[in-house]
């Protein structure tokens with residue numbers, strides 16, 4: 001009997017058994033807690049990632065919305081010379097990185113604020129769509145502006161030879177700027193408005209922006225001619241000569257260019273410049289231009305940041 005009783009007794013004392021049970025239970029509890037902690041950490045990280053993704057998405061949408069809102073008109077870019085060296089440069093340097101769009105917006109903003117300094121006083125021309133197209137062959141001018149297929153749509157054709165110039169970046173911006181002046185001018189393409197007068201305004205604004213074909217400011221002492229031309233003094237004049245006189249008028253009567261642009265909106269006649277001045281142009285005869293204020297901008301503001 002004693003032998004049987006000894007066989008039924010456990011190999012370890014009760015205290016030891018209790019300790020093992022407690023240890024096993026503690027181990028299982030610890031493993032369970034570790035698993036829960038890992039789940040919580042994973043869930044927390046997942047939540048953070050989702051929130052960050054949401055924030056970035058909202059930021060991206062906001063930036064896109066602001067970019068779209070900053071565009072006062074739609075813009076389309078077309079490359080009709082894609083297979084030529086000039087066309088490949090145009091795609092790489094102006095289409096793929098959206099630089100052409102930025103140039104259009106920047107030059108448009110400059111011209112708009114110059115021609116319409118006070119939108120309440122000077123009603124703006126409405127522009128819906130601008131298409132910038134690199135022509136398939138060289139043109140007779142660096143840029144040509146024409147009407148689009150719809151009302152308030154405009155097409156700017158660039159000559160491929162611009163992309164072959166050594167300083168092509170400045171040449172492209174200069175050409176687009178001049179084109180945007182034509183787009184914003186009330187008189188461009190309007191019947192009865194003298195082309196030479198439009199050309200003079202374009203050249204004057206380009207000069208102000210820092211894109212000069214020939215420094216008007218270096219002309220020195222100068223005063224307008226006083227020949228009896230019946231008011232149409234611009235008919236046989238070079239665009240730089242017209243720009244010089246327009247600059248002279250602006251210095252003598254601030255806001256002259258804005259008023260001249262508005263006058264083109266309604267009608268055009270021989271004395272349109274006199275009306276914008278507020279007095280006959282002949283009163284300017286003999287007045288020296290040597291002290292006239294002339295401060296063209298540094299065009300790196302339009303070129304360097306693009």
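Residue numbers (UniProt numbering): 1 to 306. From the three backbone atoms N, C-alpha and C, an ideal C-beta is built for every residue, glycine too. Predicted model, so just to flag it, every value in this text is computed and none were measured.
CB contact flag (residue i, residue j, <9 Å)
| i | j | result |
| --- | --- | --- |
| residue 209 | residue 73 | no |
| residue 309 | residue 142 | Because the chain is modelled from 1 through 306, residue 309 falls outside the range shown and cannot be assessed. |
| residue 183 | residue 145 | yes |
| residue 242 | residue 181 | no |
| residue 87 | residue 163 | yes |
| residue 211 | residue 170 | yes |
| residue 103 | residue 173 | yes |
| residue 207 | residue 247 | yes |
Simplified DSSP state of residue i, which is helix, strand or coil
| i | result |
| --- | --- |
| residue 334 | No information on residue 334 is available, as it lies outside the stretch 1 to 306 that the chain covers here. |
| residue 74 | strand |
| residue 157 | strand |
| residue 79 | strand |
| residue 254 | coil |
| residue 175 | helix |
| residue 213 | coil |
| residue 202 | helix |
| residue 193 | coil |
| residue 186 | coil |
| residue 279 | coil |
| residue 152 | coil |
Status (buried if at least 16 other CB within 10 Å, exposed otherwise) for residue i
| i | result |
| --- | --- |
| residue 237 | buried |
| residue 113 | exposed |
| residue 279 | exposed |
| residue 2 | Bear in mind that the predicted position of residue 2 carries a pLDDT of just 46, short of 50, making it too unreliable to give a figure here. |
| residue 179 | buried |
| residue 97 | exposed |
| residue 199 | buried |
| residue 245 | buried |
| residue 66 | Reliability of the predicted coordinates at residue 66 is poor, the pLDDT of 47 falling under 50, and the value obtained from them is presented with this limitation in mind. Residue 66 comes out exposed. |
Supposed close pair residue i, residue j - CB separation, criterion 8 Å
| i | j | result |
| --- | --- | --- |
| residue 76 | residue 131 | 4 Å |
| residue 185 | residue 239 | About 14 Å separates the two Cβ atoms, so there is no contact after all. |
| residue 177 | residue 157 | Wrong, their Cβ atoms sit about 15 Å apart, outside the cutoff. |
| residue 83 | residue 134 | Actually they do not touch by this definition, with Cβ atoms about 12 Å apart. |
Residue-level contact to chain C via CB, residue i, 9 Å cutoff
| i | result |
| --- | --- |
| residue 90 | Of the protein chains in the structure, only one exists, and it is not chain C. |
Return the chain-ordered ranges of every beta strand (DSSP E) run that is complete within the stretch 89–148 and spans a minimum of 3 residues.
Counting only runs of 3 or more, we get 129–134, 143–147.
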